[in-house]
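Remarks on the structure that follows.
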Amino acid sequence: MLRNKKFLIVLVLVLIIILIGIYFYLKSIKQGQVQPGLTDEERTAILNELSSQVEVDPLLEKERDFILKDLNSASSNGGLTDEERTAILNSLNQ
């Protein structure tokens, strides 16, 4: 009985602490200190804007696609280790 009572007391205290945290979080949002996350539409619009500002040389893009295709076929045939594949992919993304 005593053990069950201690558990309930601890559970109530934890719930009170969580509710206090939620209260202050909502209060800070209302005051404008915390901005909620972006919606999917806003995130997509930002990514589209950024991608339209970056110009990629078509020849480099074709070369990168060829290397990735070759890399995938080589790794599926057991020709490359995971470390080698990761190193090549990292150098391509730079």
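Its first residue numbered 32, the sequence shown is counted upward by one per residue in this note's numbering. No residue lacks a Cβ here, since even glycine has one placed at the ideal position from N, Cα and C. These numbers come from a predicted model, not from an experiment.
Query	Result
Can you grab the Cα-Cα spacing for the pair I50 / K93, in whole Å?	First, the residue type needs correcting, since residue 50 is Leu and not Ile in the sequence shown. Roughly 55 Å between the two C-alpha positions.
Return helix, strand or coil for T117, following the three-state DSSP convention.	helix
Could you compute how far the alpha carbon of L46 sits from the alpha carbon of E72?	35 Å
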